[in-house]
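Each remark here refers to the structure printed beneath this line.
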Amino acid sequence: MLLRVMETRAAKVQAATLRQVAPRATDELLGAKLLVASGHIPVVTTMDTFEDEPIPAEWCAESRQFGYHNSVGRWISVDADELTALAVDYGLALAKMLVAFERAGPSRPIPLIPDLVWEAGTIKLTGAKAPVPVWFARRLADSAVWQGLDALFARRQPDEVRVILTSTPGARIPNTVNKRNVVVSVADVANAHGQLAISPHALGTRVFPGQVQHRFPIDHSEDCGIVWHRGETLTFGGDKQRRFLQILFAAYWSKSQVLRLAAVLEEVGYGRKVNTLTKAFGRGAEKWRFIKVEDGNCWIEP
2 MLLRVMETRA AKVQAATLRQ VAPRATDELL GAKLLVASGH IPVVTTMDTF EDEPIPAEWC
62 AESRQFGYHN SVGRWISVDA DELTALAVDY GLALAKMLVA FERAGPSRPI PLIPDLVWEA
122 GTIKLTGAKA PVPVWFARRL ADSAVWQGLD ALFARRQPDE VRVILTSTPG ARIPNTVNKR
182 NVVVSVADVA NAHGQLAISP HALGTRVFPG QVQHRFPIDH SEDCGIVWHR GETLTFGGDK
242 QRRFLQILFA AYWSKSQVLR LAAVLEEVGY GRKVNTLTKA FGRGAEKWRF IKVEDGNCWI
302 EP
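Each residue of the sequence shown is one higher than the one before, counting from 2 in this note's numbering.
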């Protein structure tokens, strides 16, 4: 939920709205101080005309309350707490993401692009000759944000490698020609689903993938976010893609390779209309060439 808030345009959400969507997660994030009050978002939803229509709330100096006029002109007061805007504490969030690493740097992240990209110091990462600089970025699926970050890569090249953690889902991260900058979705390298703490092993395999392949002609990282196939490194983003691969690889290593495609897609969480790999994962067939499908069955054939 916190990563989803980070991906909003303003990086703020109304407390009442967030509680409607995820009341338990909201209370947990507030209790952990990862979300903090930051002004108000004066918008309410009125149902008196049977239309779920957002309208602006106004501040009444006389009553010292927010409110709005309903369809018949009556003034309706609104509790200010319901309009509270919640913002992310990025310093605390990054500290929790990197809690498993030996980290050096500023106590608070340094803005590189205001409200979008921050510098978070360095971490020690297995495979690196020196401490690895870490940045954090949000909204990388927005072309303007990505162009700004990519231009920053060109101006500030790292000596060896740099990690850019992001709240953007892995499948939506664009490619960069600046290969020393490794952009990784936090969700793809977290220790567990729904947690912020990043696994050093998972991050290490993303940054230095060639150092961890042990089996040939095919091997994969623990979460199946990386597959090594005949010397080529293939990356897969998104929970459903990785879960699909985990199921197929479990069958492959156990020597009971053939599975029913429909059953696997259902187990991964796709609806009934998604009945082919193309519908599930797009048209990148070349990337999936080690997966064979025939007569409704699927299996790994490296």
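A virtual CB, placed ideally from N, CA and C, is assigned to each residue, including glycine.
Distance from the CA atom of S222 to the CA atom of C61, rounded to whole angstroms, is 58 Å. The stretch 20-33 makes no contact with the stretch 117-129: fewer than 3 CB pairs, one atom from each, lie closer than 8 Å.
The three-state secondary structure of S186, taken from DSSP, is strand. Per DSSP, the unbroken alpha helix (DSSP H) holding G149 starts and ends at 144-156.
V89 is positioned such that its CB atom lies closer than 8 Å to that of M7. Per the C-alpha coordinates, the member of D151, L87, F245, T277 positioned closest to S39 is L87. Spanning the alpha carbons of E295 and G239 requires a straight line of approximately 25 Å. Around the Cβ of F245, a 10 Å sphere holds 16 or more other Cβ atoms; the residue is buried. L153 is a Cβ neighbour of I114, given a cutoff of 8 Å.
Of V190, W147, A193, the smallest CA-CA separation from N179 is found for W147.
Across the set L35, G297, T85, the C-alpha of T85 shows the shortest separation from the C-alpha of T18. Straight through space, the alpha carbons of K288 and R207 are spaced by roughly 17 Å. Residue environment: V100 is assigned as exposed (fewer than 16 neighbouring CB atoms within 10 Å of its CB, all protein chains considered).
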